[in-house]
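Residue numbers (our numbering): 1 to 251.
For glycine and all other residues, C-beta sits at the position ideal for the given N, C-alpha and C.
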Ligand SMILES: NC(=O)c1ccc[n+]([C@@H]2O[C@H](COP(=O)([O-])OP(=O)(O)OC[C@H]3O[C@@H](n4cnc5c(N)ncnc54)[C@H](OP(=O)(O)O)[C@@H]3O)[C@@H](O)[C@H]2O)c1
């Protein structure tokens, strides 16, 4: 069971889900190290409340300091599914920050840098990784984002480290950090929709960033989530209290 003496590395801490993961870990008084490519951005975001370490998951030698002495890793890094400025086309000599570079090779690099005694590697993947030939996932995968997420998932499973793989539907709710339609629309659930979790890759629809972050953190407290890959979406009316233990046991 996770305790306050454990240290958790959040990769992608400055992202939409990542910021919410950090907030939730802080609320539970857990010790956090935030991995970022941009220290000053993270410093102004987290106002001295978390340790910050610079690193880029494309470059293995930038990850050694970040993973030193870490007990848990929550990986919510990501780039856009379709070409955008986030793919870093600026330099010919820098590999593009493409899905393959981030969600595939980057995840492999993070795994290689992880301590052998890591207690859990939590990975935010995506719905559709096992349905890449079906609509709408074949469109989403036009530039290989689902291929890359699956590459990351397979590397995690092959690493032998304890893992939890979370496959969200289309993300909804802020922080609005991406370039997708829900971000443009500022789409939100107002926290009114129930959390649905199912083993495998069977769910469709939208998932609240708030609940994806909740699941990343809550899963650390339940052994029933070890070495599991499950999808998450939000639908139906939310009960007064979300029973994580029950959700994780009955998925
Ligand atoms: N959008 C959707 O509908 C959807 C659906 C299913 C799954 N997902 C997945 O859900 C996760 C969270 O999504 P989000 O919208 O919250 O993400 P986001 O806001 O785009 O955040 C991405 C994070 O990854 C970091 N990052 C990108 N490239 C990196 C690199 N090379 N090295 C280190 N860090 C890097 C970014 O840090 P910087 O500050 O350095 O840029 C940022 O913190 C992602 O894995 C995404 O693929 C998204």
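Check whether the stretch 229–238 touches the stretch 162–175, counting contact only when three or more Cβ pairs, one atom from each stretch, lie closer than 8 Å. yes
Is residue 205 near ligand 1, going by C-beta to nearest heavy atom under 6 Å? no
Tell me where the beta strand (DSSP E) around residue 231 begins and ends. 228–237
If residue 58 sits next to residue 114, beta carbons under 8 Å apart, how far is it from one beta carbon to the other, in whole angstroms? The pair is not a contact, with the Cβ atoms about 16 Å apart (cut-off 8 Å).
Using the Cα positions of residue 206 and residue 55, report the straight-line distance between them to the nearest angstrom. Each residue's Cα considered, the two are about 31 Å apart.
Excluding the five sequence neighbours on either side, which residues of its own chain have a C-beta within less than 6 Å of the C-beta of residue 257, listed in chain order? With the chain covering only 1 through 251, there is no way to say anything about residue 257.
Residue 210 versus 203, 202, 192, residue with shortest Cα-Cα distance: Closest option to residue 210, Cα to Cα, is 192.
Please state whether DSSP places residue 203 in a helix, a strand or coil. coil
Beta-carbon within less than 7 Å of residue 202's beta-carbon, same chain only, minus the 5 sequence neighbours each way: which residues are those? 231
How should residue 41 be labelled, buried or exposed, when 16 other C-beta atoms within 10 angstroms of its C-beta is the threshold for buried? exposed
Is the beta carbon of residue 162 closer than 7 Å to that of residue 226? yes
For residue 246, does the count of other Cβ atoms within 10 angstroms reach 16, so buried, or fall short, so exposed? exposed
For residue 82, name the three-state secondary structure that DSSP assigns. Correct three-state label for residue 82: coil.
Count the other C-beta atoms from every protein chain shown that fall within 10 angstroms of the C-beta of residue 236, then say buried if there are 16 or more, exposed otherwise. exposed
Is the separation between the beta-carbon of residue 251 and that of residue 172 shorter than 7 Å? no
Check this for me: beta carbons of residue 212 and residue 53, under 7 Å apart or not? no
Name the residue from 49, 12, 155, 60 whose alpha carbon lies nearest to the alpha carbon of residue 26. 49
When the Cα atoms are used, what is the spatial distance from residue 147 to residue 96? 16 Å
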